[in-house]
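Residue numbers (my numbering), protein chains in the order written: chain B, 1 to 259; chain S, 260 to 628; chain A, 629 to 925.
Glycine residues also receive a C-beta, built at the ideal position from the N, C-alpha and C atoms.
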Amino acid sequence: MNDDLPLLRVSSLSKSYGSRIGCADVTFDLWPGEVLAVVGESGSGKTTLLNCLSTRLMPTSGTASYRMRDGTFRELYRMSEAERRFLMRTDWGFVHQNPADGLRMNVSAGANVGERLMAVGDRHYGRIRATAIDWLGRVEIGADRIDDEPRAFSGGMRQRLQIARNLVTGPRLVFMDEPTGGLDVSVQARLLDLLRGLVSDLGLAAIVVTHDLAVARLLSQRMMVMKDGRVVETGLTDRVLDDPREPYTQLLVSSILQV
Amino acid sequence: MYVAVKGGEAAIRNAHRLLADRRRGNRDVPALRLDQIVEQLSLGVDRVMAEGSLYDRELAALAIVQSRGDLIEAIFLVRAYRTTLPRFGYTRPVDTAAMLVERRISATYKDLPGGQLLGPTFDYTHRLLDPELAAGGAVETPAQRPADAERMSRVSEILAGEGLIEPDGELPVDRDVADITREPLEFPMERDARLQALARGDEGFLLALGYSTQRGYGRTHPFVGEIRIGEVELELDVPELPFAVPLGRVRVTECQMVNQFKGSAKAPPQFTRGYGLVFGQAERKAMAMSLCDRALRAREFGEDVVAPAQDEEFVVSHLDNVQSTGFVEHLKLPHYVDFQAELDLVRRMRAEHGRTPAVGAAETKEAAE
Amino acid sequence: MSARTSEIASYNFAYLDEQTKRMIRRAILKGIAIPGYQVPFASREMPMPYGWGTGGVQITASIIGRDDVLKVIDQGADDTTNAVSIRAFFARVAGVAVTTETAKATIIQTRHRIPEHPLGEGQVLVYQVPIPEPLRYLEPRETETRKMHALEEYGLMHVKLYEDIARHGHIATTYAYPVKVEGRYVMDPSPTPKFDNPKMHMSPALQLFGAGREKRIYALPPYTRVVSLDFEDHPFEVQRFEQPCALCGARNVYLDEVILDDRGGRMFVCSDTDYCEKRRDEGGVAANPFEPDEAAT
Chain B
1 MNDDLPLLRV SSLSKSYGSR IGCADVTFDL WPGEVLAVVG ESGSGKTTLL NCLSTRLMPT
61 SGTASYRMRD GTFRELYRMS EAERRFLMRT DWGFVHQNPA DGLRMNVSAG ANVGERLMAV
121 GDRHYGRIRA TAIDWLGRVE IGADRIDDEP RAFSGGMRQR LQIARNLVTG PRLVFMDEPT
181 GGLDVSVQAR LLDLLRGLVS DLGLAAIVVT HDLAVARLLS QRMMVMKDGR VVETGLTDRV
241 LDDPREPYTQ LLVSSILQV
Chain S
260 MYVAVKGGEA AIRNAHRLLA DRRRGNRDVP ALRLDQIVEQ LSLGVDRVMA EGSLYDRELA
320 ALAIVQSRGD LIEAIFLVRA YRTTLPRFGY TRPVDTAAML VERRISATYK DLPGGQLLGP
380 TFDYTHRLLD PELAAGGAVE TPAQRPADAE RMSRVSEILA GEGLIEPDGE LPVDRDVADI
440 TREPLEFPME RDARLQALAR GDEGFLLALG YSTQRGYGRT HPFVGEIRIG EVELELDVPE
500 LPFAVPLGRV RVTECQMVNQ FKGSAKAPPQ FTRGYGLVFG QAERKAMAMS LCDRALRARE
560 FGEDVVAPAQ DEEFVVSHLD NVQSTGFVEH LKLPHYVDFQ AELDLVRRMR AEHGRTPAVG
620 AAETKEAAE
Chain A
629 MSARTSEIAS YNFAYLDEQT KRMIRRAILK GIAIPGYQVP FASREMPMPY GWGTGGVQIT
689 ASIIGRDDVL KVIDQGADDT TNAVSIRAFF ARVAGVAVTT ETAKATIIQT RHRIPEHPLG
749 EGQVLVYQVP IPEPLRYLEP RETETRKMHA LEEYGLMHVK LYEDIARHGH IATTYAYPVK
809 VEGRYVMDPS PTPKFDNPKM HMSPALQLFG AGREKRIYAL PPYTRVVSLD FEDHPFEVQR
869 FEQPCALCGA RNVYLDEVIL DDRGGRMFVC SDTDYCEKRR DEGGVAANPF EPDEAAT
């Protein structure tokens, strides 16, 4: 595997809804193991961009190519639905803001974690269960909760379960949509620590959409600032936050308490 | 002592004999004739024709007698007969504007060309039981007047003249009209197929769904643009002939619902429509159908599908009373083979439960003791 | 029938009109070409209620010829009311020979069982299917399940089996146990007990499945691989009965439990009535056929 090549190449990506712009002319490369934060206010187009990148939405124009495990680049929007869905349940993860959107709320925690393994053909109950217990442990959920349904879990636990469910197949790229949104501040801090540890231990690449600059600061190496569907500034996270160049970024940074 | 039972055939034969006896009832009472049913229980006959999808009063009346007045059973009898009939072709679309109207009302205009015609309606009757009917008293002949020469244009045409309502749905030229009795249903459906399903759907089911939209479960802001009941001409195109061949007339009920307008930056607002067309005089059914039709067009108008009446797969999969009654009633067929399989498993699991309690179960047990 | 009534309503040979039979045969052929795939067809109303075997009856009506010999069973038995009714229907509308003997039948229409006597080449087993979609109770939307089949996304099926084991220590599906056909389509074998699943695998007979209300036909051509879903460490197992049939002494057959009194007396007898009778005719009678099962008292 060649780490000198990007994992994802995005070029002039645009999505419009009739005459309204979702996102416009977004170009960037994402490298293996790199965490990119996409920040902006609501309506800035960051979620539209995330949905296009994860192929949940089709862009109006532009391209995105992904380096498959065999090293070849594949154009995402030309893949068949079967190929895209396979990618989504093996090499990619998607962490939703609301865990209920990413979990099966009526099956046990163990089955939630094990589903992706079974989907790719694992047929050994004991092994699936052991892997599920291991992953529950890594996201700090006790093995005794494995047969409980997520509806019996707190918000923070559900979010950690969703993360375990996504990471169990060893994906190389994870999309996160406001992963700490809707959680208490103390719970957020713990989840961010956990995420940071997992991302660096596993060498995951991630694209994290957030309106919270503190989340971007803690998780990402690089960030993109979006406004009205366009990228207004991009750079290393520390540089952008400490020395914002664009007036809009300066406004955004000055409007929050410094971390 | 158990001996494997034989004799299902004799039991069934006897059951049928008893059924025939109960159907006939007291032999001192004269047997019903089909013409009595056709003439005097005509709305029941209409319902059987509509949901049975077969326009034949005499067969519908026969089915009603045979089913002892159980209309869903009668509809079933008619359907099972209809399905065996060969298909000769499809008539031209009926022109309801040219209907020989017996009843026509509009709730949107006080007066309009052709006027309001009340016709034979229960609407303003007082619902008091009438002992004279039991006595079989004489009945007056109805009042008559010559038909107006004035064309009774449809309310939708009047609105369309100002561009205030969406146009009539047109079938794309490259597509034949759907036939849900000849082609398998596939979701999502086109509106023509969906309307066919609604037209033969259970009146009670559609009524409840239509009602639910009025109570806020998929609200559509309906106005009764027009209801008309009367006879329309059927015409068939025959390849060898240069003109359409008239086949005869059928009585139908049509309801055009005028619903809340839609518009966008590109298109100025227009009222939308819900449509109902049913064999015979079946006003309640036609109205319920048009409410459901409009609710089911949610996707087409970019509305959120949040209520049962808007959910095409839910509505169309469950509206047919012949299907519903069959599957509900099949539960009384023997299921002892599958039940045996469940019995065996439950017994085994209960036995294991006693022997080796699961980890979690042991804890609960201790706590309980 | 009087002249008057036959004038009002009359029916075609074998009930269905010939156009309809051809349409159904096309669906059957397509099903045979893609084993386990559910072929939509324009199911007709039948003179018996939906849910009572209309899918099976339509298939039988479409393939039956004058030389065929028909057997109809429900719950394994030839004399259950619905089996009697369907057999009588075909005797009346098609005038074909009927039998209760599995070996003599060319077409066997069944509800919930596969006969104990092995089927042979040239025989057709027609199943009545209530819910053809094995994913239905996991995902009620057909638009979604169709996609799952197309993309071979069957992970959810194993999630259900996983949940069974986690909760009960066993796979708790005992009938309508899902199978994978030729390594491709996951299929519902209709509500047969899982005891019968192995009989579908590499069967020399043609197996046709008809779901009238749900408007689907599917098929297993002769000698098709049919594998019951399971886990390596929780392999598929069939039901085993502790005791033999109390009437004929047969072991390794599926038994019905018959309640003898209200004090817990019961006995177990073959669900396949033809098989049981044959064995009794050949003298294979249990030592104490009418003794209630002791373990149960």
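Open item on the list: Is there a C-beta anywhere in chain A that falls below 8 Å from the one on N273(S)?
Closed with: Position 14 of the second sequence holds residue 273(S). Output row for N273(S): interface = no.
Open item on the list: Below 8 Å on the Cβ atoms is my contact criterion, and I expect G477(S) with A547(S) to pass it. Report the Cβ-Cβ distance as a whole number of Å.
Closed with: Taking the second sequence and counting its residues from 1, the one referred to as residue 477(S) is at position 218. Taking the second sequence and counting its residues from 1, the one referred to as residue 547(S) is at position 288. Between A547(S) and G477(S) the Cβ distance is about 13 Å, and since that is not below 8 Å, they are no contact.
Open item on the list: One question on the structure: do P850(A) and E744(A) come within less than 8 Å of each other, judged by their Cβ atoms?
Closed with: Residue mapping note: residue 850(A) aligns to position 222 of the third sequence, counting from 1. Residue mapping note: residue 744(A) aligns to position 116 of the third sequence, counting from 1. Going by C-beta atoms, P850(A) is not nearer than 8 Å to E744(A).
TODO: Within the region 708-767 of chain A, note down every full beta strand (DSSP E) run reaching 3 residues or more, in order along the chain.
DONE: 735-739, 752-756
- [ ] Closer than 7 Å, Cβ to Cβ, to anything on chain S: give me those residues from the region 658-682 of chain A, in chain order.
- [x] P668, F669, A670, R672, E673, M674, P675, P677, Y678, G679, W680
Task: Of the residues F573(S), A319(S), D287(S), G311(S), the one placed nearest S301(S), counting alpha carbons only - done: The count along the second sequence starts at 1 and reaches residue 301(S) at position 42. With distances taken between Cα atoms, S301(S) lies closest to A319(S).
Task: Test: G838(A) CB closer than 8 Å to a CB of chain S - done: Locating residue 838(A) in the third sequence gives position 210, where the first residue counts as 1. No, G838(A) lies away from the interface with chain S (no Cβ there is under 8 Å from its Cβ).
Open item on the list: Is the beta carbon of I701(A) closer than 8 Å to that of I652(A)?
Closed with: As a first step, residue 652(A) must be located in the third sequence, where it is residue number 24. As a first step, residue 701(A) must be located in the third sequence, where it is residue number 73. With contacts defined by Cβ atoms closer than 8 Å, I652(A) and I701(A) do not form a contacting pair.
Task: Contacts around I439(S), its chain only, beta-carbon distance under 7 Å, and the 5 residues preceding and following it disregarded - done: Within the second sequence, residue 439(S) is the residue found at index 180, counting from 1. Only A452, Q455, A456 meet the Cβ criterion.
Task: Beta-carbon contacts of E310(S) that lie in its chain and below 6 Å, excluding the five residues immediately before and after - done: For the purposes of this step, residue 310(S) is taken as residue 51 along the second sequence, with counting starting at 1. Annotation for E310(S): I334, R459 place their beta carbon closer than 6 Å to its own, counting only its chain and skipping 5 residues before and after.
Open item on the list: Taking the alpha carbon of D315(S) as the reference point, which residue from I331(S), R338(S), E332(S) has its own alpha carbon closest?
Closed with: Here the question's residue 315(S) lines up with position 56 in the second sequence. Checking every option, the nearest Cα to that of D315(S) belongs to R338(S).
Task: Own chain partners of R508(S) with C-beta closer than 8 Å, once the 5 adjacent residues on each side are dropped - done: In the second sequence, the residue the question calls residue 508(S) occupies position 249. The residues are L359, E490, V491, E492, L493.
Open item on the list: Using the three-state DSSP reduction, which class does Q188(B) fall into: helix, strand or coil?
Closed with: For the purposes of this step, residue 188(B) is taken as residue 188 along the first sequence, with counting starting at 1. In this structure, Q188(B) counts as helix in the three-state DSSP scheme.
- [ ] Please work out which residues of its chain come closer than 8 Å, Cβ to Cβ, to K934(A), disregarding the five sequence neighbours upstream and downstream, and give them in chain order.
- [x] With chain A covering 629 to 925 only, the question about residue 934(A) has no answer from this structure.
- [ ] Report buried or exposed for S255(B), applying the criterion of at least 16 other Cβ atoms within 10 angstroms of its Cβ.
- [x] Position 255 of the first sequence holds residue 255(B). Result: exposed.
- [ ] Step through the CB atoms of chain A and report whether any lies within less than 8 Å of the CB of G170(B).
- [x] Residue mapping note: residue 170(B) aligns to position 170 of the first sequence, counting from 1. So, not an interface residue.
Task: Alpha-carbon spacing of L313(S) relative to A322(S), whole angstroms - done: Position 54 of the second sequence, counted from the start, is the residue given in the question as residue 313(S). Position 63 of the second sequence, counted from the start, is the residue given in the question as residue 322(S). Near 12 Å, if we compare the C-alpha coordinates of A322(S) and L313(S).
Open item on the list: Do I736(A) and T730(A) have their beta-carbon atoms positioned less than 8 Å apart in this structure?
Closed with: One-based indexing of the third sequence puts residue 730(A) at position 102. One-based indexing of the third sequence puts residue 736(A) at position 108. Going by C-beta atoms, T730(A) is nearer than 8 Å to I736(A).
TODO: Kindly indicate the opening and closing residues of the beta strand (DSSP E) around A37(B).
DONE: Along the first sequence, one-based indexing puts residue 37(B) at 37. Unbroken beta strand (DSSP E) run through A37(B): 35-39.
- [ ] Return the chain-ordered list of same chain residues with a C-beta closer than 6 Å to the C-beta of L418(S), the five sequence neighbours on each side being excluded.
- [x] Residue mapping note: residue 418(S) aligns to position 159 of the second sequence, counting from 1. Closer than 6 Å at the Cβ level, and outside the excluded window around L418(S), lie I424.
Open item on the list: Given a cut-off of 8 Å on the beta-carbon distance, is the pair V596(S) and H798(A) in contact?
Closed with: Position 337 of the second sequence, counted from the start, is the residue given in the question as residue 596(S). Position 170 of the third sequence, counted from the start, is the residue given in the question as residue 798(A). Not a contact, by the Cβ cut-off of 8 Å.
Open item on the list: Here's the rule I'm using: 16 or more other beta-carbon atoms within 10 Å means buried, otherwise exposed. How should S186(B) be labelled?
Closed with: As a first step, residue 186(B) must be located in the first sequence, where it is residue number 186. Burial call: exposed.
TODO: Could I get the ranges of all uninterrupted alpha helix (DSSP H) runs contained in the region 8-60 of chain B, with 4 residues as the minimum, in chain order?
DONE: 46-53
Task: Contacts of I21(B) in chain A (Cβ-Cβ under 9 Å) - done: Along the first sequence, one-based indexing puts residue 21(B) at 21. When 9 Å is used as the limit between beta carbons, I21(B) is near no residue of chain A, the shortest such separation being about 31 Å.
TODO: Could you tell me which chain A residues have their CB closer than 7 Å to the CB of P593(S), listed as they occur along the chain?
DONE: Numbered from 1 along the second sequence, position 334 holds the residue referred to as residue 593(S). By Cβ distance, chain A contributes D702, Q703, T708.
Task: Nonlocal neighbours in the same chain, by C-beta distance under 6 Å from A631(A), ignoring five residues either side - done: On the third sequence, position 3 is the one that residue 631(A) refers to. With a pLDDT of only 39 at A631(A), under 50, the local geometry of the prediction cannot be trusted, and the value read off the model is given with reservation. Excluding sequence neighbours, A631(A) sits near nothing in its chain.
Task: Range covered by the beta strand (DSSP E) that runs through F859(A) - done: One-based indexing of the third sequence puts residue 859(A) at position 231. First-last for F859(A): undefined, no H or E at that position.
Task: Which of helix, strand or coil DSSP assigns to Q835(A) - done: Translated into positions along the third sequence, residue 835(A) becomes position 207. Q835(A): strand per DSSP, three-state reduction.
- [ ] Would you mind telling me which residues of chain S sit closer than 8 Å to A800(A), beta carbon to beta carbon, in chain order?
- [x] One-based indexing of the third sequence puts residue 800(A) at position 172. Residues of chain S with a Cβ closer than 8 Å to the Cβ of A800(A) are, in chain order, L604, M608.
Open item on the list: I want to know whether the region 655-674 of chain A touches the region 693-709 of chain A - three or more CB-CB distances under 8 Å.
Closed with: no
Open item on the list: Can you look up R341(S) in the DSSP assignment and give me helix, strand or coil?
Closed with: On the second sequence, residue 341(S) is found 82 positions in, with the first residue counted as 1. DSSP places R341(S) in helix when its eight states are reduced to three.
TODO: Following the continuous alpha helix (DSSP H) through C551(S), name the residue where it begins and the one where it ends.
DONE: Numbered from its first residue, the second sequence carries residue 551(S) at position 292. That run of the alpha helix (DSSP H) goes 542-555.
TODO: Return the residue from the list D329(S), R276(S), T343(S) that minimises the CA-CA distance to E646(A).
DONE: Translated into the one-based positions of the third sequence, residue 646(A) becomes position 18. Looking at the Cα atoms, T343(S) is the closest of the given residues.
- [ ] Please compile the residues from chain B whose C-beta is within a distance smaller than 8 Å of the C-beta of H862(A).
- [x] The residue you call residue 862(A) lines up with position 234 of the third sequence. Residues of chain B passing the Cβ test: Y125.
Open item on the list: Within 8 Å, do at least three Cβ pairs link the region 771-778 of chain A to the region 789-805 of chain A?
Closed with: No: fewer than three Cβ pairs fall under 8 Å.
TODO: Classify S14(B) as buried or exposed, calling it buried when 16 or more other Cβ atoms lie within 10 Å of its own Cβ.
DONE: The count along the first sequence starts at 1 and reaches residue 14(B) at position 14. When all chains shown are included, S14(B) counts as buried.
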